[in-house]
Structure formats: structure tokens, C-alpha cells
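A quick write-up on the structure given underneath.
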Amino acid sequence: MFQYKPKEIENKWQKKWDKTHIHKPVDFDNKPKYYSLVMFPYPSGDLHMGHMRVYTISDVISRHRRMSGFNVLNPMGFDAFGLPAENAAIERKIPPKEWTLKNIDHMKNQQLKRMGTSYDWDREVISCNPEYYRWTQWLFLQFYKNNLAYQKEAPVNWCPKCQTVLANEQVEDGKCWRHDDTDVERKMMRQWFLKITQYAEELINDLDKLSGWADRVKIMQKNWIGRSEGAEIVFSLDGISDVKIPVYTTRPDTLYGVTYLVLAPEHPLVLKITVPENKKKVEEYIKQAGLLTEIDRLSETKEKTGVPLGTIAINPANGKKIPVWIADYALLDYGTGAVMGVPAHDTRDYAFAKKFKLEIIQVISPDGKEQNLNDAYIEPGIMINSGEFNSINNEEGKKKIIGQAAKKGFGSAKISYRLRDWLISRQRYWGCPIPLVYCDSCDLVPVPDKDLPVLLPEKNIEFTGSGGSPLKKTAEWINVKCPKCNKDAKRETDTMDTFICSSFYYLRYADATNDKEVFDKKKVNYWLPVDQYVGGIEHAILHLLYSRFFTKALRDFGLLDFDEPFTNLLSQGMVTMFSPKENKVAKMSKSKRNVVGTTEFFDEHGADAARLFILFAAPPEQEIEWSTQGAIGQYRFLERIWRLFFNLKDAAALHLYEGFIDVRAIHELPLRNLYRIANYTIKSVSEDVSDKRYIFNTAIARMTELVNAMYKFILDKKSYTEDEINVLNFSITNLLKLLAPFAPHITEELWEHYGGKYSIHQIPWPSFDKSALITDEIELVIQMGGKKIDVLTTKKGQSQKELEKIALNQDKVKLRLEGKELVKVVVVPDKIVNIVVK
RNA sequence: GCCCUUGUGGCGGAAUGGUAGACGCAACGGACUUAAAAUCCGUUGGCCUGAACAAGACCGUGCCAGUUCGAGUCUGGCCAAGGGCACCA
């Protein structure tokens, strides 16, 4: 008998799959298309078991869909620009390109292929290759030409460790997303932005179309975009006629309670309207506020700060004179950068007014009477102290006051979003250059399409990790002729956020080798949207929001015809393990020193076993803890199949069994039962891998049960009847097909020994024999008062009356009925009889 | 503070409102073996009655209520853990 040697057979089949290109889809095939995708990985070097999960889940889905008759696109590539490569260059003097390409080679050939994944490598894209980033630049210029890319001077998030600015989405808790130990600093800088806010409304509304996304992800996006309805109210200033201050509020109903205004410290009007004697103090405050890190500014314990400008504003509703302040609790880039202070009905305003002893006027009250407020009253109520609006409900008051503002010209209804424009400039070398040129005569000039890509210089680059981007120091690269007037000009030295590269890679896969255009419109419309996207929950906002934005913008540029890129999204949970460093179970990662490498395990027990364990440990969305013991358990399962197969091969004539067996002809009861289990397995596994469930752990459990049942059946058997051989062959044939997406190598190997045609991965997914699932007998559960009393086997299909009679005739029931009154009997046919007594 | 998710044996986890604990890990027992490993076959929620590895009772899905003939599953409240947002006017 052969021994199960996973390393050998896995290597054998991986080579053959590669050579025969069996995972290659056909553009515009007549089979229905299916686009299966896993999130663009960063080639960080060595993969561990934690990384394997996403690839395994996606691979099972891809393989299953191929067998189910779909034309499956399952591509792979690398998000290859980024900081780690540049840091490696600084620390180890290896050029970023070399480091990156070496990692990609290792990851692709030693890890992804060894896992048994089924990618079409002919469509591979690598974002740091000029063939790719030419299109990144081209797309940037489309945004620029459509007024969706612009520069502005703004307070930005600066990570001192990364030595670059960050987008809002890349700041977590005031820290850099890559360095949870580094406070983000605030700087005023002129930077490039993409106008994602122009799509805020559509991005929020179209979430409703995404029925294939988990609610939690949609909710996170919704909160991030943060739509709010309110009004813009314009305040004029006492004695300064040429300046007006618009504020945004969600509570126009509290307009009569405004006792001061607050501007953000960076607000451009501040110095203009400050009275001379306050100028010094105000300037000092602005400077102080600018120095605060994000974490200081957000600190909960932080007391409110601010200084008065000495300027007086006039409430347009009632003419009341109120002071104007600046305070850092007003944010420049939300609303209008100015707030109307209503201490009676806003917690922050209340704290501010208390600290600086400002007036507090209650205008909403639960009972229409003024109260002694110890805190802001933020509940709904009846309007008071509000002139003509007194005694009406505040919700109605909102509309009425907006109506009056519009009529009198001091305001209007307005919708605001928490979402900010996407800051895409990065002061780093290893990224895609922004293809623009600064010319003294022509101003900003886009690099013409024919000159794309603007190549990253590779010679004479010095990586020091300080003093700004290395690109700033490469004179021969910076100095160019203006494409318009041919005079001396300079290149933009900022590179793009790498999230730009990953915002369209999934579109490029549809036509990855096209060197004439970013992609052919017909091909992109054929393959997209992605039918099943698999990736980590950490991208719930970042990558997924950016990609949705890109899809919508590209649609408006006329490049494609759909609104949403990813129809179904599966967010897999992380893989954890005990970390000796943190002394607890934590996410598997090199820095926590709790990684299990792939190579050793694959060598010893095989990728098939690792795949099975990862799928078996829990449903995909849940977290799993890696257990080498548990993975060995799955190895044992595969060995069990292996031995069963070759034992039977020696004892009986094994041959593939196609089609069904006539159940009525199987007289032996255990054999009929085995046939039933085999068919039940086909049914259950098919349901579990379908997109209605995606519950792979139960699918594997069902297959284990089938193998257990076969072992039990052949126990002590020396010879086999023809019927038995048929049922066993039926069971094995279908088991191999069902297991093929999960454990692709061992099934391919056994399929070959079985005389099956290459490849098992190209044969149709099995269907089950309905007639086999019909049984003559059922297990009837007898309950009294909802508690199980007895279980008995009886004929199927009996009437409610008959079942009730059977139940009441049971000795156990009779005994318990003594001295009790029978209230009623509930009968669920073929299932349960519940006897209710008093 | 607001929003979301999750609480089931020693562990990971199963259960269209209808037999709680499938399947696996760990543990224990048996067979095989000179022996061990491997393998094959079993046992394994708690507690109690019982001479019993006969039979059986009771309790049990974070806690407290409710709906229902019947609740791990539905509803409300509480507790705990995890995640997201957090001076967004």
C-alpha cells in the first residue's frame, strides 16, 4: 500500500496545474462568469499561517464555482509600493525595487503556489512596475482633468516616523495606522486631495444596494461618511460690514439660545476681525493650538480652551449681541469651521460657557418651563424664550426657523458630511509619482499621456530616512522642460498614497496586459463587478471606501458601466495564537512572536491539512486560534481517507461510480443507510459552500461523518457483494469531488489512482439522489410540558391522531399521567408529540 | 458617551422555534504490538439514586423576566468581553 506523502503529491500536482493552465478563464465565454477575488496583498516577505486564511477561503470558493460550471476569474497580484521597502533600503541598503521583487518571488513561488491556490498568474499585476503605474498616473490625471484632484493648504496629519502625511482614514486614535506608538502631529501644508466628498451622498445611499455585505461593514462606512442634516446660519458682525460668519448647525431650533460664536483657530477670518488689543493673545493661542498633537487635542480629560476676539456678532433671529471666540474644539474642515454656541443644549458648549462664564439661555424645555440646568438639555421638548416660536415642538421648530432664515435671507437648510477629502500626497520615494510639472509661466502642467509613465529614478538615490523625500534631492529628475512652453520647469516630488494603486487593481485584472488603455471597457463590464471579494475587516473603511469612490468616478469618466465594484464581501476573522511577548492570545504576527511558518508545516503534514484546519476551526467571519494539534487532526482525517481508499482498492474492485443507484434494489439496511449518508453529505456540503452560507467547518464535519460511516460499514468485512462495491464506489467518488475544493492535492492524486480523467477540478460538482434521502422510519420525540420523555422509532407519514395515540400509549407517559389532567396534545407530524398536563 | 457584535462541555465549535453539545482537539479505556509510536474500536456536560460498566431522576446554552404546547434560537432589561466612532456643532 502507498503511504500518504503530502509533500510529494502536492509538489507534483502544483507543477502540473501550472503547466496545463487549468485555472485560466476565457474572456466572454458562454459559461456564466464568476469573479472571485482576495484583497491585494502587500509583499512583506514571509507568509505565516495567519496570512493563509484569506487565500484558503477564496480558493475554496473559486474551485467550487469552477466545478459548478462557472467561467471563473481568480487573479492575483501585489500591492508593491509602500514604506517597508523604503525602510529596508534605509536600514540594509537594498534598493526598494530589488527588495520588493525578491519578496514577491518568494511569496508567489514558495508560499502561494505551495498552498495549492488556483490563480491565473497570467493576469498578475505588480503595482510598482511601470506597466502598471503608468495607468495609476493616467487615472490621476483623469481625476485632475475632471476637477476631482486639487491642491490646498490645510492642517494635515503628519507621522514623524513615516516622515510623511497621512489621510484621515489612516489615523487611528490619534496614532499612525502603521505605528500605534507614534502620535500624529498636525501641520499646515499644501497637499494634493481627491474630492471623495463629492460622492458622499452616493457612497452612503448605495450602501443599500450592497445586500452581499455584512451589516457591520456597511454601518462602519455609514458612520464614517457621517451624514447630518441641519442648516447654515449667517451671523453678521457689529461694526464690520464686509465680513459675515456662516455657521453650520444641526439644531436650528436652538437659534434663540445662541450666546457666543466660536471659530476654529485656523479659520482664515480670525485675524481680520480680531480687535487690535486682543491680537497678541489670539496669535499666541493659534500658535499653541497648532503645536498640539492629534492625541492631545482629542484627549477627553482636556479642559476647553479658547480666547475672545473682542469682536461682537449679531444673532440674525433676535438681534442679540454676542461675543466671538476662537477655540480648538471648533474644527476648520467640518461644516463652515465656525460654531454657534448654545450652552443650554449642547454638552460641549455647556462646558465651554461654564469655564468662561458665558451666558446660558434655555430655549427648549420638556414641560415648557425654564429649569435649573446642571448640564446641557439635549432631549426634544417645547420651545421657550424663542419669540414667535414659543410653545411649539422643537422638531417642528427646526423647519420653521429654517423657513424663516430662508425668507429673511440669513440661512438655509444644509447637509453636512463628516467625510473629508482624501489626502493622497506622500513625501516618500517608493510610490507612484504624481505626473505634474510646475512651470513658472504655465503654472501646473499635467504630463502628456504620451510621456507616461513618469518613471521613478533608480540611480543615485540616497536613502537616509531624514530630511524629506529622496526625490527632492535628485536634481536630474526634478528639472524638466515644461511640456507646454518648453521652458525650465520642476516635477512634483510627492508620490501617491498606495491606496490609489489598490483602488483600481481589481479593474485592471479584467484586462491586465493591455498596453493601449487602462482596460478595455467591454472586458471590464464583462468581468466586473467582483462576485465574491474576500479580505480583512481592517479595510472596512480604508480600501473599500476608496475603491467604491474610484468605481463611481471612473463610471462618470465613461470608463465603465457599473456603480459598485464588489457585490459580495466576506470579511474573514483573524488568526490568533498565544503570544509569549504579550502573555495572551493575540493576532498572529512577527512582532508578537507568535507566528507559525508555512514551510515546516507544509513539509511535514501538507498544505491540504493546513487548509482543512483553517476552514474547520470556525466559520470564516469568526476569529480562530491556530493549533498545530488541531491541524494534525485534519492530517489524520486525510490519512484516514487515504488508507480507506487503498484498503478497499486491495479488497474490492474500485472504479469510479457515476450516476445514482436504485435505492429500492438495495435490500441490506446498513448499506442503504450508507447510501443515504453519502447523498446527505452531497446535499449538506453543497449548501454549506454556497454563497447563502459559506460555512466550511460544517461542510468538513459532514465529510468526516461520511468517512466515519464508511469505516464502520467495512469493519470486519472480508469480502463485498456487488451492491456493496457500488455503494462504496459511489461514496468515494462523490467524497473526492466534494473534498476537491478544500484539499485539492490529495483528491487529485486519489482521483488519478481511481482512473479518473485529469483533472478532478474540471469535473462537474455532484448532485444528490433525492430518493435516497427518503426514509420509511422516523424518530418520534415524546415530550411532556416541553421536556423530552422518550424517543421511539416509528413509521413515517402517520396522521396526527395516530401519533397522539402512540404517544399516549407509552408506559412512561401513562405513568406520568396518573393523577394529572390532560390539557392538550401538540403533534408535529414525523417529529414530535408534546403532551401538556395540569 | 454613542453604534455594532458575541456569550453553549476541559478547548475550538454544531444545532430551518421541536432530541442541546454534530465534527474535531485534549483526556481516558480496549484491541493490535515483545514494547512504544502509529492505527482500529470505544468512553467523555454536571450532579444524584443505585451493588451495578443494569436502570433511572434532576440540573444545564452569561443573569433576570416575558412570548410559546415547546426558547441556545424570538422580545425586553441587566452583566461581561470584543470591535467601530468619538469636541463632526
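For what it's worth, this note's numbering labels the leading residue of the first sequence as 1025, then goes sequentially. Yeah, the Cβ is synthetic: ideal placement off N, Cα and C, and Gly gets one too.
Local conformation of residue i per DSSP, three classes
{"i": "His-1047", "result": "coil"}
{"i": "Tyr-1453", "result": "coil"}
{"i": "Val-1620", "result": "coil"}
{"i": "Val-1731", "result": "helix"}
{"i": "Asp-1535", "result": "helix"}
{"i": "His-1203", "result": "coil"}
{"i": "Cys-1186", "result": "coil"}
{"i": "Glu-1647", "result": "coil"}
{"i": "Ser-1260", "result": "strand"}
{"i": "Trp-1446", "result": "strand"}
{"i": "Cys-1509", "result": "coil"}
{"i": "Trp-1037", "result": "helix"}
{"i": "Pro-1768", "result": "helix"}
{"i": "Asn-1111", "result": "helix"}
{"i": "Val-1548", "result": "helix"}
{"i": "Asn-1833", "result": "coil"}
{"i": "Pro-1932", "result": "There is simply no residue 1932 to check, as the chain begins at 1025 and stops at 1862 in what is shown."}
{"i": "Glu-1196", "result": "strand"}
{"i": "Asn-1864", "result": "Here the chain has residues from 1025 to 1862 only, and residue 1864 is not among them."}
{"i": "Met-1063", "result": "coil"}
Own chain, CB closer than 8 Å to residue i, minus 5 neighbours either side, in chain order
{"i": "Val-1857", "result": "Leu-1804, Val-1805, Ile-1806, Gln-1807, Leu-1827, Glu-1828, Ile-1830, Ala-1831, Val-1849, Val-1850 and Val-1851"}
{"i": "Glu-1729", "result": "Ile-1701 and Thr-1705"}
{"i": "Gln-1395", "result": "Gln-1386, Ser-1389 and Tyr-1401"}
Per DSSP, the bridge partner or partners of residue i
{"i": "Thr-1221", "result": "Paired residue(s): none; Thr-1221 is not in a bridge."}
{"i": "Ile-1350", "result": "Leu-1287 and Val-1331"}
{"i": "Ile-1388", "result": "Met-1407"}
{"i": "Thr-1817", "result": "Glu-1803"}
{"i": "Met-1808", "result": "Lys-1811 and Ile-1859"}
{"i": "Val-1609", "result": "Phe-1602"}
Top-ranked residue by Cα proximity to residue i, from the options
{"i": "Leu-1698", "options": "His-1369, Asp-1518, Phe-1102 and Asp-1747", "result": "Asp-1747"}
{"i": "Leu-1356", "options": "Phe-1586, Pro-1179, Lys-1043 and Ala-1400", "result": "Pro-1179"}
{"i": "Asn-1732", "options": "Tyr-1718, Arg-1717, Ser-1755 and Lys-1304", "result": "Ser-1755"}
{"i": "Gly-1093", "options": "Gln-1161, Gln-1027 and Pro-1790", "result": "Pro-1790"}
{"i": "Thr-1080", "options": "Asn-1721, Leu-1797 and Gln-1166", "result": "Asn-1721"}
{"i": "Glu-1110", "options": "Pro-1604, Cys-1186, Val-1558 and Lys-1614", "result": "Cys-1186"}
{"i": "Ile-1416", "options": "Lys-1432, Ser-1389 and Gly-1435", "result": "Ser-1389"}
{"i": "Leu-970", "options": "Lys-1474, Val-1860, Tyr-1462 and Phe-1167", "result": "Any answer about residue 970 is impossible in this case: the structure gives the chain only from 1025 up to 1862."}
{"i": "Tyr-1462", "options": "Leu-1443, Ser-1708, Ser-1651 and Lys-1511", "result": "Lys-1511"}
{"i": "Gly-1392", "options": "Lys-1378, Ser-1410 and Phe-1380", "result": "Ser-1410"}
{"i": "Trp-1216", "options": "Asn-1833, Leu-1569 and Asp-1521", "result": "Asp-1521"}
{"i": "Ala-1577", "options": "Ile-1524, Glu-1541, Gly-1621 and Lys-1611", "result": "Ile-1524"}
{"i": "Thr-1575", "options": "Ser-1068, Met-1407 and Leu-1163", "result": "Leu-1163"}
{"i": "His-1785", "options": "Ile-1220, Leu-1460, Leu-1760 and Thr-1799", "result": "Leu-1760"}
{"i": "Lys-1305", "options": "Pro-1276, Gly-1780 and Ala-1351", "result": "Ala-1351"}
{"i": "Gly-1106", "options": "Pro-1119, Met-1100, Asn-1095 and Ser-1743", "result": "Pro-1119"}
{"i": "Asn-1229", "options": "Leu-1552, Ile-1249 and Met-1212", "result": "Ile-1249"}
{"i": "Asn-1592", "options": "Lys-1716, Arg-1664 and Gly-1236", "result": "Gly-1236"}
{"i": "Gly-1780", "options": "Ile-1802, Asn-1753 and Asp-1205", "result": "Asn-1753"}
{"i": "Glu-1403", "options": "Glu-1419, Asn-1396 and Glu-1412", "result": "Glu-1419"}
CB-CB length for residue i against residue j, believed under 8 Å
{"i": "Ser-1440", "j": "Asp-1518", "result": "In fact, because the Cβ distance is near 29 Å, the residues do not count as touching under 8 Å."}
{"i": "Trp-1446", "j": "Ala-1224", "result": "That belief does not hold up - the Cβ atoms of Trp-1446 and Ala-1224 are roughly 12 Å apart, past 8 Å."}
{"i": "Arg-1077", "j": "Ser-1142", "result": "Not really, about 16 Å apart at Cβ, beyond 8 Å."}
{"i": "Tyr-1659", "j": "Gly-1621", "result": "About 17 Å separates the two Cβ atoms, so there is no contact after all."}
{"i": "Ala-1536", "j": "Val-1149", "result": "5 Å"}
{"i": "Thr-1273", "j": "Leu-1382", "result": "Not a contact, Cβ separation roughly 17 Å."}
{"i": "His-1567", "j": "Ser-1595", "result": "Going by Cβ atoms, the distance from His-1567 to Ser-1595 rounds to 12 Å, so no, they are not a contact pair."}
{"i": "Asp-1205", "j": "Ile-1425", "result": "The Cβ separation is near 48 Å, so there is no contact."}
Contacting residues, own chain, Cβ-Cβ under 6 Å from residue i (five flanking each side not counted)
{"i": "Asp-1129", "result": "none"}
{"i": "Tyr-1309", "result": "Val-1331"}
{"i": "Ala-1400", "result": "His-1369, Asp-1370, Thr-1371 and Tyr-1374"}
{"i": "Val-1619", "result": "His-1072 and Met-1612"}
{"i": "Leu-1279", "result": "Ala-1341 and Ile-1425"}
Residues of its chain near residue i, where Cβ-Cβ distance is below 7 Å and the 5 sequence neighbours each way are ignored
{"i": "Asp-1051", "result": "Lys-1547 and Tyr-1550"}
{"i": "Glu-1486", "result": "Pro-1494 and Lys-1497"}
{"i": "Gly-1124", "result": "Sequence inspection shows Thr at residue 1124; the Gly mentioned does not correspond to that position. Once the five neighbours on either side are set aside, the close Cβ partners of Thr-1124 are Pro-1067, Ala-1104, Ala-1109 and Cys-1152."}
{"i": "Val-1703", "result": "Note that residue 1703 is Asn in the sequence shown, not Val. Phe-1792, Asp-1793, Ala-1796 and Leu-1797."}
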